[in-house]
Amino acid sequence: MRFSPAQQKAIQIRDKNVLVFASAGSGKTSVLVQRLCDLVLKDKISIDSILAMTFTKDAANEMKTRLQIALENEEPTDYIKEQLALLETSSLCTIDSFCLSIVKNYYYRIPISLKMANTTLDPSLSYELFQKAYEQACAQIDPDAMADLLHYFDGFGKKEDEILQSIKKLIQTAWSKPDPEKWIQELTQPENPEIETWFYQSFETKIQSMLIVLEEILEEIEETEDLLLKQEDLSACLEALRDRDYAAFRQTFFHAIQGSPRLKNKYDEIDVKALAEHFKKIEKQVAEMCFEEDVYFETSDLLQKEKETFCTLSLKTKACFQALKKAQEALDFEDMEHFAYQLLCQKDIAEEVRQKYQMILVDEFQDTNDLQESIVACFARENNVFRVGDIKQSIYGFRYAKPEIMASHMHSRDANSCTIVLDENYRSSDAIIRFNNDFYQKIMNIEGVSEQFSTIDLAKSGTDRQKQEPQYPVRFLYSEYKPYAQEHDVELLQAKSALNQNRLDILAQDILKQKENGNHFRDICILTRSHGPQQAIKDALEAYDIPCLAEIDHGFYTNAAVLVILSALQAILDPDDDIRLCAFLFSGLCQVSADDLAQATLHKERGLSLYQKIKDCSFMQDYHELASYRNLPLCDLIRKLYAHRNFYQDQTSPQDKTNLDLFLRMASEKEDTCSVEEFIRIHKQASDFDALAQASPYSKHADVVSIKTMHHSKGLQFPIVYILSTHEDRERDASQPVLIDEKLGCSFAEIDSQHNLKYKGKSHLAFLAKKRQDELEEEMRVFYVATTRAEKELILVDAISQAEDYASPLSLYTLTQKEGPTGWFFHTYYGAQNPLVHFEKVQTLYERPAAQKKSAPNQPIPIYTKPWTCVQDQTASQAKQSRTWPSVDLHPSLGSVRGTLFHEMAAQLSYPYQESKIKEFAQKKDYALREIDKTQFLSLNKDARYQVWMKEPHEFECSYIVQMDGSIVHGFMDLVVWESDQIVILDFKTDHFDQEQDFITAYKGQLDTYEQALSLMEDKPIQKWIYSFHLQKMIQIP
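If you want this note's numbering, it's the position in the sequence shown, counting the first as 1, plus 663.
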């Protein structure tokens, strides 16, 4: 590959801290990989002495693959062979993976256990832990202080779960800092000086917008003295704000309102109604904000106590969260970075890591946060860090990415540092490059918004080919719902809804034209701002027989076929779970009718489970057949379910089959490490969140249209890109009483003690002003990522009210109207003669074809042929051990919890057992005791043998340790009874076997081991018994 002079410099420069400013399509990945190859092949720096951190695992794997290819193309010397051997364990990874490696290497210095260092907490379980931590923290707060905090939130109509979310947001913000506890503690200190700057900015933005609207009106009409006076007063308001003179501003503003007439809708028959209404709207907003000076500037500690309680509660919640994770011996991604930083702050560890890595490479540097920057600074040498990024592509503000960090490096005048600009684009056509330059120069440099696009951001074509190939203007396909409503005499909302749906048909129709013109579906990508509209897009495209692959981030656990298999597995292991049993029986596996089940359950006794009532019914044949496989290895059991009544082949769609294939693969990955019971528990918990997408029925290179979010398109490119644009940008979190900002801190909206008056104080206005600007700037960067993915064609699609609404030129005023990318585009180009842009109005309302359900040819069920091990619970004590690996949970599996609970109640409660005591005991264990549980456990009171044994000397959980056949054998026996002439061993079982012989077959070996061990310690004869809670009877083991 031929590199440009700037790329060559970035590849070859040494002994400097290098920052490569690389615009979209400039070949930064190729430069990064080539530099890595040169370091290994030319400079002979071993791969294990290089740290290369990427933002995603895919990027890290791509880097490894490219380096591997380069190494394999070299003569296989001993050095090359060594590098290939080191590649798999090299530090070409994400920053999280690097931090985790530090934690694993030095875990004892934190200190945490080795198990904790090696166990990552599942996100769904982390959520559960956090909730429990919050509850524990609340209990540690002074009740009066907690009541005041709850009362404050209640004044804004917020419930306790919203307090929890605010606490979580504060903790997440703090833990993106190197010293989070200090950051939180400082929130209760005197006001941040930046708050005043943003407070005035909140007024400045609105006054500037009023002046812009006024200027537009004056351009339409002949100048009038009233308007000129108003303009003069508003200019004076702006000057007072910039001088930080609130009193002067307020006085001048009310003079502008009261000293001149209100704007008219018409001047000399010239209609300016729309502009006048916009002006009055902003004027009203400012008037409502213009409180007396003392409201904003006199120090008030009215909410200081609530703020202190909130901060204390946050710190205690985090502390409890950490303690719970430590008790469970698991860490999360937040821990990885903070533990790594804690370790690297220790000089000897930092020096050891510094000596290990001769070179450090950081990709996507614009998305670095404070903590990550501090981590690298701990062990970097003075001249060995190579960073690559593009501030315009910093789109992870929700992860606390700070593009300012990259900007500060760019402006560094350090002798050991240099900046290289890659401004040649090798991806897009010349027309698209010129459009992006023109568009973002205009929207990113509006007065009143931070400048984001300077001369170094201007890109140019990297090859002549990009100029010589066909050049297509950027097209905007739009429809107007206001004219449509008038033409068809329908309500505006009805027209809006119809055309919003119809834009997806317009999109599909245009894609079909692309296909007719010889393009492949795989050349096309549709980008959306979020996952929200992707299902609707997918449905629309499939109606037109356009194959597509969407990034829908849910649906696996709500897929009907997956739900059937999960219900079947749960019902097989616990038939007393009425809900799962019903789902199983009604499914295609058993095909029981609702009428048959209803008839069979007539007169069912209270406390009797559904299974106990219907187990002997003829329609239970399918259940009993499948339940007989319960002791098979996990994958074999699942295959039996798939094959029963040809469920997989005949009763599922292609999408169902793909999901079931994924389910079986997940089972094969877990089969060696957890029991069937544990596997079901893991997936039952995951299904509560439904955060797993359905499996894709397409291969990686299938000819399908891709549907991606703008965030997920980063780093990708497609010949043709469609963007489902938006023109309504809703403000997020504006109504929240507590606002959190990583720079400004934490702000509480003002409210009086009687909860009658609520208003935004000085800090709240400041926070909102900064938040709006930050979000606007990031939205522009997200859109920049989207429009720079296109190689040949870029097409936007939206439905708008009417084009004339966007007649005003792009300005601070139009940007602050929250009109989204559609508004930016129309205000910039609509009505202008620009060859780079073409607007196409499409008012045709398409009749969408009915989607056809496709069938797939039958395929044999794939057979799992790997070695397998059946994990079974062999003793009661083993049943109490967690077998889950690597997931960690607060709660063991349902069967394990139930079994342990029954054992503990038998051992710890007074005999005869009383219902009130077992309910109280179960409640303490967070177990919801069912009627069937109470019935089965209390059946012990009725057993004659048990009544006798309780009067004899006995011991529950009797431990033993003996040497047998040269080995040390140890364990616990549930109950040992010493009668005058013999010893009795009793084992409690909660299994759902229906025949006594099943218990004997399953557990004779276990009881024989107990007998053998006890006979080495006692001379008396030994009897072995099992008590089955399911059968409610004693079973003697021969």
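Note that CB positions come from ideal geometry on N, CA and C, so glycine has one too.
If you draw a straight line from the alpha carbon of His1390 to that of His1374, how long is it in whole angstroms?
Within the sequence shown, the letter at position 727 stands for residue 1390. Within the sequence shown, the letter at position 711 stands for residue 1374. So the two alpha carbons sit approximately 19 Å from each other.
Report the start-end ranges of each alpha helix (DSSP H) in the region 1154-1198 that is 4 residues or longer and not cut off at the edges.
1155-1179
Are the region 1042-1060 and the region 808-828 in contact at 8 Å, needing three or more beta carbon pairs?
no
Uninterrupted alpha helix (DSSP H) stretches inside the region 990-1040 (no shorter than 4 residues)
996-1007 and 1010-1019
Per DSSP, which one or two residues make a beta bridge with Val683?
As a working note, residue 683 is residue 20 in the sequence shown. BP columns for Val683 point to Val1051 and Ile1083.
Pick helix, strand or coil for Asp1404, following the three-state DSSP scheme.
Locating residue 1404 in the sequence shown gives position 741, where the first residue counts as 1. Correct three-state label for Asp1404: strand.
Below 7 Å, is the gap between the Cβ of Ala911 and the nearest heavy atom of the ligand MG?
Within the structure as shown, the ligand MG is missing, as the structure has no ligands at all.
Work out the CA separation of Cys974 and Arg905 for me, nearest whole Å.
Taking the sequence shown and counting its residues from 1, the one referred to as residue 905 is at position 242. Taking the sequence shown and counting its residues from 1, the one referred to as residue 974 is at position 311. The straight-line gap from Cα to Cα measures roughly 33 Å.
Environment of Gly690 [buried if 16+ CB atoms lie within 10 Å]:
The residue given as residue 690 occupies position 27 in the sequence shown. Its Cβ being crowded by 16 or more others within 10 Å, Gly690 is buried.
Can you list, in chain order, the residues of its chain whose CB lies under 6 Å from that of Phe1098, leaving out five sequence neighbours each side?
Within the sequence shown, numbered from 1, the residue matching residue 1098 stands at position 435. Cβ neighbours of Phe1098 beyond the five flanking positions: Val1137 and Leu1499.
So Arg1138 is in the beta strand (DSSP E); what residue range does that whole segment cover?
For the purposes of this step, residue 1138 is identified with residue 475 of the sequence shown, where counting begins at 1. Segment Val1137 to Glu1143, the beta strand (DSSP E) holding Arg1138.
Taking the continuous alpha helix (DSSP H) assigned at Phe1502, which residues delimit it?
Sequence index remark: in the sequence shown, residue 1502 carries index 839 (1-based). From DSSP, Phe1502 is part of no alpha helix (DSSP H) but of the beta strand (DSSP E) over Val1500 to Lys1504.
Leu1457 lies in the alpha helix (DSSP H); which residues open and close that run?
Along the sequence shown, read from residue 1 onward, the residue named residue 1457 stands at position 794. Note, Leu1457: premise wrong, no alpha helix (DSSP H); beta strand (DSSP E) at Ala1453 to Ile1463.
Based on Cα-Cα distance, which residue from Pro806, Arg1608, Glu1132 and Asp1237 lies nearest to Ala1290?
Residue numbering aside, residue 1290 sits at position 627 when the sequence shown is read from its first letter. Ranking Pro806, Arg1608, Glu1132 and Asp1237 by Cα distance to Ala1290 puts Asp1237 first.
Taking the alpha-carbon positions, what's the Thr1321 to Leu1260 distance?
Along the sequence shown, one-based indexing puts residue 1321 at 658. Along the sequence shown, one-based indexing puts residue 1260 at 597. Their Cα atoms are separated by approximately 32 Å.
In whole angstroms, give me the CA-to-CA distance for Ile1200 and Cys1188.
What you label residue 1200 is simply residue 537 of the sequence shown in a count that begins at 1. What you label residue 1188 is simply residue 525 of the sequence shown in a count that begins at 1. One C-alpha to the other measures close to 12 Å.
Determine the direct distance from the alpha carbon of Phe761 to that of Val1560, and round the result to whole angstroms.
Position 897 of the sequence shown, counting from 1, holds the residue named residue 1560. Position 98 of the sequence shown, counting from 1, holds the residue named residue 761. Rounded to whole angstroms, Val1560 to Phe761 spans 37 Å at the Cα level.
Round the Cβ separation of Tyr1144 and Ser1464 to the nearest angstrom and send it over; I've been treating them as touching at under 8 Å.
Translated into positions along the sequence shown, residue 1144 becomes position 481. Translated into positions along the sequence shown, residue 1464 becomes position 801. Yes, Tyr1144 and Ser1464 are in contact; Cβ-Cβ is about 6 Å, under 8 Å.
Tell me which same chain residues have a C-beta within less than 8 Å of the C-beta of Lys929, skipping the five on either side of it?
One-based indexing of the sequence shown puts residue 929 at position 266. If we look at Lys929 and ignore the five residues flanking it on each side, its Cβ neighbours are Val935 and Lys936.
So, are the CB atoms of Lys1019 and Ser712 less than 8 Å apart?
Here residue 1019 corresponds to residue number 356 of the sequence shown, with the count starting at 1. Here residue 712 corresponds to residue number 49 of the sequence shown, with the count starting at 1. Against a cut-off of 8 Å, the Cβ pair of Ser712 and Lys1019 comes out as a contact.
Residue range of the beta strand (DSSP E) that includes Pro924:
Counting from 1 along the sequence shown, the entry for residue 924 is found at position 261. Neither: Pro924 is in no beta strand (DSSP E) and is coded neither H nor E.
Give the DSSP-derived three-state secondary structure of Lys1687 in the structure shown.
As a position in the sequence shown, residue 1687 is number 1024, starting the count at 1. If DSSP states are grouped into helix, strand and coil, Lys1687 belongs with the strands.
Just tell me which of Leu1273, Thr851, Glu1454 and Asn1079 has its CA closest to the CA of Lys1130.
Here the question's residue 1130 lines up with position 467 in the sequence shown. Nearest option by C-alpha distance: Glu1454.
Just to confirm the assignment, what range does the beta strand (DSSP E) spanning Thr757 have?
Position 94 of the sequence shown, counting from 1, holds the residue named residue 757. First-last of the beta strand (DSSP E) with Thr757: Ser754 to Thr757.
Can you give me the C-alpha to C-alpha distance between Asp1654 and Asp1239, rounded to a whole angstrom?
Here residue 1654 corresponds to residue number 991 of the sequence shown, with the count starting at 1. Here residue 1239 corresponds to residue number 576 of the sequence shown, with the count starting at 1. Cα-Cα distance, rounded: 11 Å.
Per-residue DSSP class, three states only, for Asp1654:
Against the sequence shown, residue 1654 aligns to sequence position 991. If DSSP states are grouped into helix, strand and coil, Asp1654 belongs with coil.
Sheet register partners of Leu1649 (DSSP bridge):
Taking the sequence shown and counting its residues from 1, one reaches residue 1649 at position 986. DSSP output for Leu1649 lists Leu1638 and Trp1688 as bridge partner(s).
So, for Asp1552: in the same chain, excluding its five sequence neighbours on each side, which residues have a beta-carbon less than 6 Å away from its beta-carbon?
Working through the sequence shown from its first residue, we reach residue 1552 at position 889. Any reading at Asp1552 must be qualified, since the residue scores a pLDDT of 42, below 50, and its modelled position is unreliable; the value itself is stated next. Closer than 6 Å at Cβ, skipping near neighbours: Leu788.
Local conformation of Gly1125 per DSSP, three classes:
The residue given as residue 1125 occupies position 462 in the sequence shown. Residue state, collapsed to three classes: coil.
Which of the three DSSP states, helix, strand or coil, is assigned to Phe793?
Stepping through the sequence shown from its first residue, residue 793 is reached at position 130. In this structure, Phe793 counts as helix in the three-state DSSP scheme.
Considering just the uninterrupted stretch of the alpha helix (DSSP H) at Phe1381, what are its terminal residues?
Working through the sequence shown from its first residue, we reach residue 1381 at position 718. Looking at the DSSP string, Phe1381 is not in any alpha helix (DSSP H); the run it does join, the beta strand (DSSP E), is Phe1381 to Leu1387.
Can you give the Cα-Cα distance for Lys720 and Ser1369, rounded to whole angstroms?
Taking the sequence shown and counting its residues from 1, the one referred to as residue 720 is at position 57. Taking the sequence shown and counting its residues from 1, the one referred to as residue 1369 is at position 706. The straight-line gap from Cα to Cα measures roughly 20 Å.
Thr1451 burial status per 10 Å Cβ neighbour count (16 or more: buried)
As a working note, residue 1451 is residue 788 in the sequence shown. Counting Cβ neighbours within 10 Å, Thr1451 comes out buried, since at least 16 surround it.
Option in Gln1164, Ser1272, Lys1683 and Phe862 with minimal Cα separation from Pro1196:
Residue 1196 sits at position 533 when you count from the first residue of the sequence shown. Checking every option, the nearest Cα to that of Pro1196 belongs to Gln1164.
I need the straight-line Cα distance from Ser1124 to Ser709, nearest angstrom please.
As a working note, residue 1124 is residue 461 in the sequence shown. As a working note, residue 709 is residue 46 in the sequence shown. Whole-angstrom Cα-Cα distance: 36 Å.
Confirm, please, whether the CB-CB distance from Tyr959 to Gly1408 is below 8 Å.
Your numbering for residue 1408 matches position 745 in the sequence shown. Your numbering for residue 959 matches position 296 in the sequence shown. In this structure, Tyr959 does not lie closer than 8 Å to Gly1408 by Cβ.
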